[in-house]
Structure formats: C-alpha cells, structure tokens
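Participant: Here you go, one structure.
There are 4 protein chains.
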Amino acid sequence: MSRIAFIGLGNMGAPMARNLIKAGHALTVFDIAKAAVEAAQQAGAAPSASAQACVRGAEAVISMLPESSHVEALYLGSQGLMQAIEAGTLIIDCSTIAPRSAQAVAEAARARGLDMIDAPVSGGTAGAAAGTLTFIVGGPASALDRARPILSAMGKTIFHAGGAGAGQAAKICNNMMLGIQMAGLAEALALGAASGLDPKVLSEIMSKSSGRNWALEVYNPWPGVMENVPAARGYAGGFGVDLMLKDLGLAAEAALAARASIPIGELARNLYSLHSASGAGALDFSSILRLVRREPR
Amino acid sequence: MSRIAFIGLGNMGAPMARNLIKAGHALTVFDIAKAAVEAAQQAGAAPSASAQACVRGAEAVISMLPESSHVEALYLGSQGLMQAIEAGTLIIDCSTIAPRSAQAVAEAARARGLDMIDAPVSGGTAGAAAGTLTFIVGGPASALDRARPILSAMGKTIFHAGGAGAGQAAKICNNMMLGIQMAGLAEALALGAASGLDPKVLSEIMSKSSGRNWALEVYNPWPGVMENVPAARGYAGGFGVDLMLKDLGLAAEAALAARASIPIGELARNLYSLHSASGAGALDFSSILRLVRREPR
Amino acid sequence: MSRIAFIGLGNMGAPMARNLIKAGHALTVFDIAKAAVEAAQQAGAAPSASAQACVRGAEAVISMLPESSHVEALYLGSQGLMQAIEAGTLIIDCSTIAPRSAQAVAEAARARGLDMIDAPVSGGTAGAAAGTLTFIVGGPASALDRARPILSAMGKTIFHAGGAGAGQAAKICNNMMLGIQMAGLAEALALGAASGLDPKVLSEIMSKSSGRNWALEVYNPWPGVMENVPAARGYAGGFGVDLMLKDLGLAAEAALAARASIPIGELARNLYSLHSASGAGALDFSSILRLVRREPR
Amino acid sequence: MSRIAFIGLGNMGAPMARNLIKAGHALTVFDIAKAAVEAAQQAGAAPSASAQACVRGAEAVISMLPESSHVEALYLGSQGLMQAIEAGTLIIDCSTIAPRSAQAVAEAARARGLDMIDAPVSGGTAGAAAGTLTFIVGGPASALDRARPILSAMGKTIFHAGGAGAGQAAKICNNMMLGIQMAGLAEALALGAASGLDPKVLSEIMSKSSGRNWALEVYNPWPGVMENVPAARGYAGGFGVDLMLKDLGLAAEAALAARASIPIGELARNLYSLHSASGAGALDFSSILRLVRREPR
Chain A
1 MSRIAFIGLG
11 NMGAPMARNL
21 IKAGHALTVF
31 DIAKAAVEAA
41 QQAGAAPSAS
51 AQACVRGAEA
61 VISMLPESSH
71 VEALYLGSQG
81 LMQAIEAGTL
91 IIDCSTIAPR
101 SAQAVAEAAR
111 ARGLDMIDAP
121 VSGGTAGAAA
131 GTLTFIVGGP
141 ASALDRARPI
151 LSAMGKTIFH
161 AGGAGAGQAA
171 KICNNMMLGI
181 QMAGLAEALA
191 LGAASGLDPK
201 VLSEIMSKSS
211 GRNWALEVYN
221 PWPGVMENVP
231 AARGYAGGFG
241 VDLMLKDLGL
251 AAEAALAARA
261 SIPIGELARN
271 LYSLHSASGA
281 GALDFSSILR
291 LVRREPR
Chain B
1 MSRIAFIGLG
11 NMGAPMARNL
21 IKAGHALTVF
31 DIAKAAVEAA
41 QQAGAAPSAS
51 AQACVRGAEA
61 VISMLPESSH
71 VEALYLGSQG
81 LMQAIEAGTL
91 IIDCSTIAPR
101 SAQAVAEAAR
111 ARGLDMIDAP
121 VSGGTAGAAA
131 GTLTFIVGGP
141 ASALDRARPI
151 LSAMGKTIFH
161 AGGAGAGQAA
171 KICNNMMLGI
181 QMAGLAEALA
191 LGAASGLDPK
201 VLSEIMSKSS
211 GRNWALEVYN
221 PWPGVMENVP
231 AARGYAGGFG
241 VDLMLKDLGL
251 AAEAALAARA
261 SIPIGELARN
271 LYSLHSASGA
281 GALDFSSILR
291 LVRREPR
Chain C
1 MSRIAFIGLG
11 NMGAPMARNL
21 IKAGHALTVF
31 DIAKAAVEAA
41 QQAGAAPSAS
51 AQACVRGAEA
61 VISMLPESSH
71 VEALYLGSQG
81 LMQAIEAGTL
91 IIDCSTIAPR
101 SAQAVAEAAR
111 ARGLDMIDAP
121 VSGGTAGAAA
131 GTLTFIVGGP
141 ASALDRARPI
151 LSAMGKTIFH
161 AGGAGAGQAA
171 KICNNMMLGI
181 QMAGLAEALA
191 LGAASGLDPK
201 VLSEIMSKSS
211 GRNWALEVYN
221 PWPGVMENVP
231 AARGYAGGFG
241 VDLMLKDLGL
251 AAEAALAARA
261 SIPIGELARN
271 LYSLHSASGA
281 GALDFSSILR
291 LVRREPR
Chain D
1 MSRIAFIGLG
11 NMGAPMARNL
21 IKAGHALTVF
31 DIAKAAVEAA
41 QQAGAAPSAS
51 AQACVRGAEA
61 VISMLPESSH
71 VEALYLGSQG
81 LMQAIEAGTL
91 IIDCSTIAPR
101 SAQAVAEAAR
111 ARGLDMIDAP
121 VSGGTAGAAA
131 GTLTFIVGGP
141 ASALDRARPI
151 LSAMGKTIFH
161 AGGAGAGQAA
171 KICNNMMLGI
181 QMAGLAEALA
191 LGAASGLDPK
201 VLSEIMSKSS
211 GRNWALEVYN
221 PWPGVMENVP
231 AARGYAGGFG
241 VDLMLKDLGL
251 AAEAALAARA
261 SIPIGELARN
271 LYSLHSASGA
281 GALDFSSILR
291 LVRREPR
C-alpha cells in the first residue's frame with residue numbers, strides 16, 4: 001500500500017479518494033474547498049493545509065482538477081509543486097486537460113527525474129463511486145506499471161494510449177466521437193419521427209444495422225425508448241452538456257494546435273454550445289435531442 | 001413458388017434475381033439494358049420486351065431502380081404499370097428512393113386494391129450475391145407476410161419499419177447515421193494521428209469505449225488498422241462515395257419535407273460532395289478520411 | 001394599358017394588384033380566399049370564380065403563389081391553366097419557387113407558343129405596397145420586354161438573369177448569400193460582445209472594412225445599433241425567419257439538383273430551422289442573433 | 001519626430017519600417033533574420049544585435065510578429081522586454097494575435113506604468129508598402145493619441161475599438177465575417193453557375209441586392225468577373241488562405257475563451273483548412289471557390 005497525496009476533491013475526486021482509502025492506501029488530501037477536505041478526513045484521509053504540505057513524503061501524487069490552467073498552476077506556477085515533490089514520487093494527473101498542458105507538466109517532471117502519467121478517466125461520478133472507472137493513460141510504460149496498483153483501486157479498465165499527453169489526446173478523440181454520434185443520432189431519430197416513424201422501432205432497426213453505435217445500444221436519447229438512461233428521467237444526471245462542451249472545446253484546441261480539420265467535431269461543439277446557451281448546460285448531453293427536435297422547448 | 005416479374009437488373013438487381021431463380025421461383029425479367037436481360041435469361045429467367053409485358057400474369061412484381069424518378073415513371077407515368085398489373089399481384093419495390101415517392105406509388109396501388117411494400121435493402125452487391133441482404137420494409141403487415149417467402153430467397157434479415165414509405169425513411173435515417181459516424185470517425189482518427197497517436201491504438205481504445213460504432217468495429221477507414229476492409233485496398237469496392245452522397249441527399253430531401261433540422265447530416269452530405277467533386281466518387285465512402293487528413297491528396 | 005389576370009392575392013399579391021389598377025390596367029383577379037377577391041374588387045378589380053375564368057380574354061397572366069407545388073398545380077395540373085390561356089397571352093409568374101418548377105411551366109408555355117417569364121421579387125410587403133419591388137427575371141429578352149410596362153407599375157428595378165428559371169435561381173443565390181451573411185454577422189457581433197466590444201463600435205468598424213455587407217449597412221441585427229430596423233422593435237415586421245427558411249430550402253433543393261456543395265448555405269438553413277423550431281418563425285430573420293447570443297432566450 | 005524601436009521586419013514589418021523612415025522618424029530595428037536587418041539598414045535604419053539593445057533609448061517600441069507566442073515571448077519571457085523598456089516609452093504591437101495575449105502584455109505594461117496599444121492592421125503587403133494600412137486599435141485613448149503621428153506614417157485609417165485587446169478582438173470579428181462571406185459567396189456563385197447562371201450576371205445582380213458585400217464589390221472570387229483581383233491571376237498574391245486560416249483560428253480561440261457559439265465561423269475555418277490541406281495554403285483566400293466548385297481540382 002502507498003502513501004498517496006490526493007489533490008482535488010470534487011465530484012470525481014472525492015469518491016476516487018474514498019476508494020483508495022478503502023483499498024488500504026494512506027491518503028493525505030488537499031482541496032481549496034475546506035468542506036471537501038473535511039469530508040475526506042471523515043472518510044479516513046489526513047488533511048493538509050496546502051498542496052505543498054500535501055505532497056510531503058508522498059510516494060504518489062494524484063491530481064483531479066477541472067481545467068488545464070488549474071493543472072499548470074498546480075505543478076508549474078511560481079508556487080508550483082514540481083519543486084516540492086520529492087525524488088522518486090510518481091505523479092498521476094487524472095484531470096481532463098489539453099494534451100499540450102499535460103506534455104508541459106510531463107516535461108517538467110522529466111526534467112526533475114520524476115515519473116509521470118496523464119490518466120484522464122471516463123465513467124462519470126457513478127463509475128468513480130463504484131470504482132469502475134476507465135483510465136486512458138499517456139506516459140512511459142514503466143510509469144504506468146508503477147501506477148497500476150493505484151489505478152486498480154479506482155477503476156476497472158486501463159488503456160495505454162502512448163507517450164506523455166496521449167491519454168488526454170485519446171480521451172478527447174473518443175469524446176469528440178461520442179459527442180458527434182449522440183448529436184447525429186438525435187438528428188436521425190428526430191428526422192425519423194418527423195417522417196412518421198416510431199423512434200423505438202427505428203432505434204431497434206438502427207441498433208442492428210450499420211448505423212449502430214454506443215448511444216443506440218446503451219444511451220438512447222429519445223424518451224421512452226430505453227429505461228434507466230437520462231432520457232428516461234428528464235435528462236437528469238449522466239454526463240452534462242457543459243462537460244461535453246468542455247471536451248469538444250479541448251478537441252477544437254487540439255485541432256488548432258495540430259492544424260487538423262474537424263468540421264463535424266466543431267459543428268457538434270457549437271450545437272452543444274447553442275443548447276447550453278438556451279439553459280440546458282446542466283442536463284445530460286443526450287438532451288441535445290431537444291435542440292434538434294421541432295417542438296416548443 | 002411464385003411467378004415473379006423482376007424489373008431492374010443492375011449491380012444489385014441481377015444477383016437478387018439469380019437468387020430467386022435458385023430458390024425455385026419462375027422469373028420474368030425486364031431492363032432497358034438488353035445485355036442485362038440476356039444475362040438473366042442465361043441464368044434461367046424468361047425475358048420480356050417491356051415492363052408492361054413483364055408483369056403480365058405475375059403473382060409478384062419486384063422493382064430495383066436507381067432513383068425516385070425512375071420508380072415514379074415505372075408505376076405512375078402515362079405508360080405506367082399501375083394499370084397493367086393484374087388484380088391480386090403483390091408489388092415489392094426494393095429501390096432506395098424518397099419516402100414521398102414510395103408513398104405516392106403505394107397510394108396508387110391502394111387505389112387499385114393491390115398490396116405493396118417498399119423494401120429497400122442494405123448489404124451491398126456482396127450481400128445481394130450471397131443472398132444475405134437486409135430488407136427494411138414499409139407497408140401493411142399483411143403485405144409483408146405475403147412477401148416474406150420471396151424476400152427470404154434474397155436476404156437474411158427483415159425489419160418492419162411501419163406503414164408505406166417507412167422502409168425508405170428508416171433506411172435513410174440509418175444511412176445518414178452511418179455517413180455521419182464514418183466522417184466523424186475519420187476526423188477523430190485524423191485528429192488523433194495529428195496529435196501523435198497511433199490510429200490502431202486509438203481505434204482499439206475507442207472501440208471499447210463510448211465512441212464505439214459500427215465503423216470502428218468492422219469498417220475502419222484508416223489504412224492498416226483492419227484487414228479485409230476497403231481502406232486495406234485503396235478504398236476499392238465497398239459502398240461508394242456517390243451512393244452515400246445519394247442517400248444523404250435523400251435525407252436532406254426528407255428533412256426539407258418534414259421541416260426537420262439535420263445540421264450534422266447536411267454538413268456530412270456536403271463533405272461527401274466536396275470529396276466526390278475532387279474525383280473520389282467511385283471510391284468506398286470510408287475514403288472520406290482522405291478529405292479530412294492533412295496531407296497532399 | 002393591358003387586360004391582366006392576377007392570381008394569388010396574399011400579403012404580396014394584393015398590394016401588387018392594387019398598384020397595377022392604380023397604373024390604369026384592367027384587372028381580373030382570383031384567389032381561393034374569397035375575402036381577398038372581395039378586397040381587390042373594392043380596389044377596382046373584376047372578380048373571377050375560378051382561375052380558368054380569370055384568364056379568359058387576358059393579355060397577360062400574373063401569378064403570385066406560395067410554393068412550387070401551387071404553381072405547378074395552377075398551370076400544369078389536370079385542370080391546369082396552360083390549356084385555358086389564350087394564344088398570345090404573356091405569362092408572368094412572380095412566385096418564388098424552385099427553378100426546376102419554373103422551367104417545367106416555361107416548357108409547357110413554350111409548347112403552347114406562349115411567352116413566359118419567371119419574375120420573383122424582393123422588397124417585401126413594404127416594397128409591394130410602395131411599388132418599389134425588385135424583379136429578378138428569367139426567360140427570353142423579348143418576353144421580358146413585353147412585361148416591362150407591367151412590371152414597372154409594381155417595381156423599380158428589373159434584372160434579367162438569363163433564360164427560363166434563371167430569375168428563380170438568381171434570387172435563391174442572392175437570398176442564400178443574405179441568409180449566410182446575416183447569420184455570420186450575428187455570430188461576429190455576438191463574439192465581439194462576448195469579448196468585451198461594444199457592438200455599435202464594432203459595427204461601425206466592420207461597415208468600413210472588408211467585413212462590410214448589406215446587413216451591416218442597413219439592417220443591423222443587434223438591438224440599439226440602428227434605428228428603423230426590425231432589431232429596433234423586437235424583430236417585428238421585416239422578412240420572416242420562416243420565409244428565409246423557405247428560401248434556404250430552395251437553395252438546398254437547387255444544390256441537390258445541380259450536385260453543388262453548399263456547406264455554409266445548408267448550415268445556415270439549419271440554424272434558421274433551429275431558430276424557427278424554438279418559436280421564432282414569425283420574427284424578422286435578423287433575430288437569428290438570439291440563437292447565437294449566449295443569454296437566456 | 002520620434003526615436004522608434006521596430007522589432008519584426010517580415011513581409012509587413014519591413015515596408016512599415018521604411019515608411020516610418022521616410023516620414024523622418026529615427027528607427028532602430030531588430031529581427032532574428034539578419035538579412036532583414038541589413039535591408040532595413042540600407043533603407044536608413046540603425047541595426048541592433050538584440051531586441052533588448054533595440055529598445056534602449058526609444059520613445060516608442062513597435063512590434064510586428066507572426067503569432068501570440070512570439071509576442072508573449074518578446075515582452076513577457078524570462079528575457080522579455082517589459083523590464084528593458086525605459087519609463088515613458090510607448091508600446092505599439094501591430095501583430096495580429098489573441099486578445100488574451102494582447103491583454104496579458106498590456107497588463108504587464110500597465111504594471112510598469114507604460115502606455116501600450118494593440119494595433120493590428122489590415123490592408124496587406126500592398127497597403128503596408130503604400131502606407132495606406134488600416135489600424136484597429138485597443139487601449140486607452142490617451143495612448144492612442146500619442147501613437148497617432150506614428151501610425152499616420154504607415155496607414156490612412158485608425159479605428160479605436162476599445163480597451164486593451166479590443167483591437168485584436170475587432171480585427172478577428174471583421175476577418176471572421178470576411179472569411180464567412182467569401183466562402184459563402186463562393187458557394188452562391190458555384191450554385192448559380194451549376195444552375196445555369198452566368199457568374200458575371202449573377203454577381204452584378206447580387207452586388208445591387210441584399211446579398212451585396214465587400215467581396216462582391218471589389219474582390220470577386222470567380223475568374224473573369226473582375227479585373228485586377230487575385231481571381232484574375234490564378235489567385236496569386238492577395239491575402240493567403242493560410243493567413244485567413246490563422247485569423248479564423250484566432251476567432252475559434254476567442255469563441256472558446258468567451259464561451260461564444262460561432263457555428264458558421266468554425267465551419268468556414270474548417271473549409272479553409274481542407275482547402276489548405278489540399279495544397280492551396282499560399283493562394284489568395286478567394287481561391288476557396290475551387291474547393292466548392294464541382295470540377296477536377
């Protein structure tokens with residue numbers, strides 16, 4: 001078992017930390033929100049007053065923060081951790097951020113001789129609570145091997161996507177695909193319904209045909225087609241529109257950086273943006289159906 | 001076994017007719033191309049000099065034509081078949097056309113008291129030859145039940161999508177979804193590769209994640225990721241760009257008719273159109289990768 | 001002065017007919033709405049009980065109908081006018097319809113030896129009332145020359161775009177450009193405002209720069225930038241979202257027919273469609289700003 | 001007359017510096033390309049061996065660099081100028097960069113008590129040579145007033161868009177509008193031509209109608225419609241596709257930063273990106289016509 005510094009106890013970080021404690025790891029935690037630290041303390045973690053204090057003596061540092069700027073500030077800022085972290089410590093950043101930012105942090109870690117992986121997750125808050133997250137990892141295989149026992153306490157599946165930043169890049173590509181096919185599916189179902197088809201029948205046909213995809217199989221956006229999906233409960237819970245919008249923004253950033261063309265990806269981003277702007281940001285992303293379906297919203 | 005009039009012996013119609021003959025049906029055939037009629041004759045069909053002559057005495061009429069205008073002209077034109085077809089005959093149109101056109105023909109059939117279904121297929125020329133097509137059927141259940149023994153000689157799967165035109169509408173929705181997810185996948189793989197990922201590794205990750213879809217599983221567009229797909233042979237064979245463009249055009253028509261919004265569907269249509277205009281119309285549709293990948297074409 | 005049969009007395013047709021009467025022409029009118037015929041009668045027109053009766057003895061027939069299907073039915077239907085119209089009569093169709101439909105009617109007129117032009121208008125109901133419409137004409141120059149004295153009573157500007165259907169095609173291209181630049185301008189102003197710019201200052205800069213266009217000069221969509229535009233009165237009046245949507249639908253149809261790629265045009269169509277679906281169909285089309293501006297709608 | 005440090009002597013910077021010399025200003029110059037420094041020296045400038053040396057004793061510093069990263073490195077890097085520039089010096093950054101970067105530099109200038117404006121230009125290399133550039137300025141009015149005599153030596157028009165970064169934001173919005181309307185115009189002309197219209201006639205009609213815009217009036221993309229435009233000489237010269245692509249990338253960045261929706265702007269970006277990827281990056285941006293026109297490229 002390891003001494004782990006865990007920084008960032010939000011909706012995802014808090015249950016991930018709890019699973020590490022349950023697995024027997026010794027956790028020291030930090031978050032700018034004191035209430036989050038106190039909750040983790042009740043779950044068995046040792047509290048820290050600062051990120052710098054948190055990483056002292058840690059064998060591994062895990063960070064789970066909202067955006068690139070937070071991760072860069074945490075590790076690379078003028079008060080950044082990269083100097084505070086002790087030799088031999090393994091760094092695991094589970095935040096979903098720009099590959100460029102992940103690479104900048106990895107470069108600084110390498111300069112200090114520290115092992116680091118970027119390990120963004122999928123599976124949502126439910127997966128975080130159940131310990132069934134998927135990790136998409138970038139970084140050296142040796143660093144990933146060190147991290148496996150820790151990641152296994154929080155998730156079930158680990159993909160190794162490539163070198164530093166590759167975890168972020170692969171997650172971004174996957175989520176762009178997801179955002180596209182959910183919006184495309186919403187259009188297809190709405191077109192079918194407007195043409196007189198029963199969305200349930202159409203969904204069954206498509207799910208056995210060349211139009212099939214993850215959303216058709218387990219996450220149908222049309223209310224009444226599937227049980228136990230966000231569409232069945234007014235799009236509450238699930239993966240929020242604003243989170244999809246964030247990931248599609250990362251895809252757009254990555255495309256700008258790599259000089260890539262993603263016409264459909266950027267259109268999808270804008271559709272979720274229009275949808276968010278109409279007040280739907282907190283709904284599940286499958287509610288994009290409401291944007292494209294012709295009816296009073 | 002039935003006496004069947006088969007009209008339209010193109011790349012799809014010819015092998016479908018052969019499978020009906022193999023199954024023991026008595027075929028009379030017609031096509032405007034004499035060579036096609038002669039080839040069918042050698043396979044065991046009786047030739048006709050005209051569509052009118054072809055349908056005489058038939059228990060079922062099957063048509064397999066390229067576009068809405070051909071089907072409308074065949075059945076509804078001033079020399080149209082709707083008057084020539086004898087009472088009690090079952091009409092099966094396997095063409096992929098606009099739902100509106102299918103409904104117009106069905107309406108005329110109903111007025112004559114004839115059973116009719118629209119039964120567009122998927123599975124391509126390979127499926128037509130192997131007798132493994134999928135039929136997506138619109139029309140009354142009773143008419144479909146009469147058609148089943150005939151369809152079964154040409155295909156393996158039969159979906160009942162709804163009333164007249166519903167087969168067309170459902171096929172259009174499915175193929176729009178397919179066109180969107182192939183183009184979206186091309187973008188995702190190209191973005192990944194431009195960001196330094198190995199497209200094969202990325203494909204493996206996505207095919208086990210929420211980005212998974214039919215194309216990732218059996219039809220990957222990136223050369224070298226899969227064997228036995230068009231991408232592995234320079235995009236030869238398969239489902240052509242211009243055929244996808246036709247189906248996305250039907251989707252656009254349907255959206256105009258139904259006042260539906262399909263922003264991604266219409267963008268996909270335009271991407272395949274740009275791709276076709278650059279000379280790729282005859283390549284497999286997965287070659288859309290070439291449009292979005294940054295490299296000299 | 002001419003004896004003119006005028007068919008279609010809607011928001012546009014009624015004031016156009018009145019201007020012809022004012023100019024001294026002898027009008028016989030028909031509309032399926034009796035109230036419209038009665039109103040024209042009070043303005044000095046002779047009423048007809050049917051379109052067939054209306055065209056009897058006319059030197060010129062003018063039609064002003066909502067859609068392609070209406071114009072085709074009027075002239076080409078089983079009870080169509082093409083046989084009823086007398087030799088030597090000039091046909092002027094002012095409806096905005098598909099070029100294909102205009103060409104079909106022109107073809108039938110040519111077969112009868114009748115002169116015909118398609119002459120869709122721009123200028124809206126205000127231009128119709130003031131007699132300041134613009135006509136964009138397709139058809140032979142000789143037919144247009146015959147029509148000039150009549151058109152001049154209703155409008156100020158006459159463009160000759162080419163042969164049959166060219167008036168429709170040119171109007172569609174112009175209005176697609178208009179729809180694109182209004183939506184694009186809305187995006188530019190909203191992006192500027194979100195970036196901290198004053199939309200009025202930004203509009204002034206752009207209207208003197210390479211971004212300038214008709215909308216910037218006389219039809220700014222941002223409330224408060226210009227007086228006497230729909231944006232200054234809650235987007236009431238003007239050119240409705242649903243009319244722009246209709247014209248962009250004609251552009252999409254034309255692109256399908258001509259195998260043209262109009263990615264931006266079709267995206268614009270879908271944006272107006274989303275906007276209409278949210279309940280804005282009757283507002284002026286410059287209200288598209290509301291769709292792209294991030295604020296509660 | 002002022003002592004001016006001019007940094008960045010590329011295609012734009014070199015002629016701008018020459019015009020300042022002609023107007024009687026004393027120039028000290030720096031560029032990482034020695035040949036550029038030598039050419040400026042021959043035109044009458046004093047050479048510097050480094051940016052730090054260049055700004056010594058200057059009353060004003062002008063920078064004209066390719067990208068945000070260069071400007072940030074120049075002023076804010078560990079060897080950055082912000083400490084080397086002497087009190088009282090006016091900073092004028094003429095680069096076209098992200099508003100965020102401009103604001104970061106302005107913030108650092110403000111912290112040192114220095115006046116600064118962002119003053120991106122339009123008018124291209126021809127305008128730079130002729131001294132007829134347009135400056136779109138962000139920053140305090142007092143700083144702009146100090147800059148006017150200097151800017152006037154290089155350009156004819158000065159717009160004051162607002163506070164720090166507003167010059168960049170306004171230029172980005174204008175150029176996004178320009179990119180959209182050029183691509184939209186290309187679609188409209190190509191659709192018209194495919195529908196049988198003469199692009200010259202169509203252009204004349206549109207330039208007098210609601211579709212009119214800057215491109216129609218002075219920069220028509222269809223070869224043969226206008227003389228003395230890039231389309232008349234194989235799209236040589238003018239404003240390059242890759243420059244438009246850069247500006248649309250800045251618009252996308254700004255939209256991400258401001259949470260704005262620019263569906264058409266981002267689609268336009270992707271169209272220029274596809275066009276560039278096909279090898280057209282160095283052609284004038286009006287060559288986007290080639291992308292959307294259906295003919296072998």
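Going down the list, the protein sequences come from chains A, B, C and D. For the first sequence, counting from 1, position 176 maps to 176 in the numbering used here; every step adds exactly one. For the second sequence, counting from 1, position 26 maps to 26 in the numbering used here; every step adds exactly one. For the third sequence, counting from 1, position 128 maps to 128 in the numbering used here; every step adds exactly one. For the fourth sequence, counting from 1, position 118 maps to 118 in the numbering used here; every step adds exactly one. Every residue, glycine too, gets a C-beta built ideally from N, C-alpha and C.
Give me the residue from Val105/D, Leu274/D, Asn228/D with the minimum Cα distance to Leu245/D.
Facilitator: Nearest option by C-alpha distance: Leu274/D.
Participant: Only counting the same chain, and skipping five residues up and downstream in sequence, which positions put a Cβ closer than 8 Å to that of Asp242/B?
Facilitator: Excluding residues within five positions, the ones whose Cβ falls inside 8 Å are Ser276, Gly281, Ala282.
Participant: With the cut-off set at 8 Å, would you say Val61/B and Ile97/B are in Cβ contact?
Facilitator: Contact flag unset, no.
Participant: Compile a chain-ordered list of the residues in the segment 179-200 of chain D whose CB is closer than 8 Å to at least one CB of chain C.
Facilitator: Of all residues in the segment 179-200 of chain D, Ile180, Gln181, Ala183, Gly184, Leu185, Glu187, Ala188, Leu189, Ala190, Leu191, Gly192, Ala194, Ser195, Gly196, Leu197, Asp198 have a Cβ within less than 8 Å of some Cβ in chain C.
Participant: Arg56/D and Leu90/D - do their beta-carbons sit closer together than 8 Å?
Facilitator: Taking 8 Å as the Cβ cut-off, Leu90/D and Arg56/D do not qualify as a contacting pair.
Participant: Gly138/D by DSSP, collapsed to three states: which one?
Facilitator: The answer is strand: DSSP assigns Gly138/D an E or B state.
Participant: Using the C-alpha atoms, what's the distance from Met12/D back to Ala334/A?
Facilitator: In the structure displayed, chain A extends from 1 to 297; residue 334/A sits before or after that span and is not available.
Participant: With burial defined as no fewer than 16 other Cβ atoms inside 10 Å of the residue's Cβ, what is the status of Gly165/B: buried or exposed?
Facilitator: Label assigned to Gly165/B: buried.
Participant: For the alpha helix (DSSP H) containing Thr298/B, list its first residue and its last residue.
Facilitator: Nothing about residue 298/B can be reported from this structure: the residues present for chain B run from 1 to 297 only.
Participant: Could you check which residue in Ala58/B, Val105/B, Pro66/B, Met64/B has the C-alpha nearest to that of Gly77/B?
Facilitator: Among Ala58/B, Val105/B, Pro66/B, Met64/B, the Cα nearest to that of Gly77/B belongs to Val105/B.
Participant: Contact between the segment 115-134 of chain B and the segment 204-223 of chain B: three or more CB pairs below 8 Å?
Facilitator: Taking 8 Å as the limit for Cβ pairs, the verdict is that the segment 204-223 of chain B does not touch the segment 115-134 of chain B.
Participant: With distance defined between alpha-carbon atoms, name the residue in Tyr272/D, Ala14/D, Pro47/D nearest to Phe30/D.
Facilitator: Of the candidates Tyr272/D, Ala14/D, Pro47/D, the one whose C-alpha sits nearest the C-alpha of Phe30/D is Pro47/D.
Participant: Taking 7 Å as the limit between beta carbons, can you name the residues of its chain near Ala58/D, skipping five residues before and five after?
Facilitator: If we look at Ala58/D and ignore the five residues flanking it on each side, its Cβ neighbours are Arg3, Ile4, Ala5, Thr28, Thr89.
Participant: Let me know if Met1/D comes out buried or exposed under the rule of 16 or more other beta-carbons within 10 Å of its beta-carbon.
Facilitator: Per the 10 Å Cβ criterion, exposed.
Participant: Counting only Cβ-Cβ distances shorter than 8 Å, please list the residues of the segment 132-149 of chain D near chain B, keeping chain order.
Facilitator: Of all residues in the segment 132-149 of chain D, none has a Cβ within less than 8 Å of some Cβ in chain B.
Participant: Hey, Ala111/A and Ala260/B are a contact pair by Cβ (cut 8 Å); roughly how many whole angstroms apart?
Facilitator: Not really, about 55 Å apart at Cβ, beyond 8 Å.
Participant: CB-CB under 7 Å to Ser101/C, same chain, minus the five flanking residues each way: which ones, in chain order?
Facilitator: So the qualifying residues of the chain are Ser68, Val71, Glu72.
Participant: For Met82/C, does the three-state DSSP call read helix, strand or coil?
Facilitator: Helix.
Participant: Using a Cβ-Cβ cut-off of less than 7 Å, list which residues of the segment 270-292 of chain D approach chain A; keep chain order.
Facilitator: For the segment 270-292 of chain D, which is checked against every Cβ of chain A, the residues closer than 7 Å are Asn270, Ser273, Leu274, Ala277.
Participant: Can you find at least 3 beta carbon pairs, one from the segment 163-178 of chain B and one from the segment 187-207 of chain B, that sit closer than 8 Å?
Facilitator: No, the segment 163-178 of chain B is not in contact with the segment 187-207 of chain B.
Participant: Does the distance from the CB of Cys173/A to the CB of Met206/B come in under 8 Å?
Facilitator: Taking 8 Å as the Cβ cut-off, Cys173/A and Met206/B qualify as a contacting pair.
Participant: Quickly, what does DSSP pair Leu310/C with across the bridge? List them, please.
Facilitator: With chain C represented from 1 up to 297, any question about residue 310/C goes unanswered, as that position is not in the structure.
Participant: Based on the DSSP secondary-structure assignment, which residues constitute the bridge partners of Val241/B?
Facilitator: According to DSSP, which records beta bridges pairwise, Val241/B is partnered with nothing at all.
Participant: Go ahead and pull the three-state DSSP assignment for Pro47/A.
Facilitator: Of the three classes helix, strand and coil, the one that applies to Pro47/A here is strand, per DSSP.
Participant: Kindly give me the distance between the Cβ atoms of Ile180/D and Ile288/C, rounded to whole angstroms, as I take these residues to be in contact under 8 Å.
Facilitator: Incorrect: roughly 13 Å between the Cβ atoms, too far for contact.
Participant: Please compile the residues from chain D whose C-beta is within a distance smaller than 7 Å of the C-beta of Arg294/B.
Facilitator: Neighbours of Arg294/B on chain D, chain order: Ala277.
Participant: Using 8 Å for Cβ pairs, my map puts Ser122/B next to Ser209/A. What's the rounded Cβ distance?
Facilitator: 6 Å between Cβ atoms; contact.
Participant: Does the beta carbon of Ile264/A come closer than 8 Å to any beta carbon on chain B?
Facilitator: Yes, because at least one Cβ of chain B sits closer than 8 Å to the Cβ of Ile264/A.
Participant: Tell me whether the beta-carbon of Gly192/C lies closer than 8 Å to the beta-carbon of Ala169/D.
Facilitator: Against a cut-off of 8 Å, the Cβ pair of Ala169/D and Gly192/C comes out as a contact.
Participant: In terms of DSSP beta bridges, what is Leu133/D paired with?
Facilitator: According to DSSP, which records beta bridges pairwise, Leu133/D is partnered with Gly155/D.
Participant: State the CB to CB distance for the pair Gly8/C and Ser63/C, rounded to an integer number of angstroms; the pair is presumed to be in contact (CB under 8 Å).
Facilitator: Yes, they are in contact, since the Cβ atoms of Gly8/C and Ser63/C sit about 6 Å apart, within 8 Å.
Participant: Contact check, Ser286/A vs Gly238/A under 8 Å by CB: the rounded distance?
Facilitator: Ser286/A to Gly238/A, Cβ: 7 Å. Contact.
Participant: Name, going along the chain, the residues of the segment 226-249 of chain C whose beta-carbon falls closer than 7 Å to a beta-carbon of chain B.
Facilitator: For the segment 226-249 of chain C, which is checked against every Cβ of chain B, the residues closer than 7 Å are Gly249.
Participant: For Ile350/D, report the span of its beta strand (DSSP E) as first-last.
Facilitator: In this structure chain D extends from 1 to 297, so residue 350/D is not present and cannot be described.
Participant: Indicate whether at least one CB of chain D lies closer than 8 Å to the CB of Asn19/A.
Facilitator: It does not; no Cβ of chain D falls within 8 Å.
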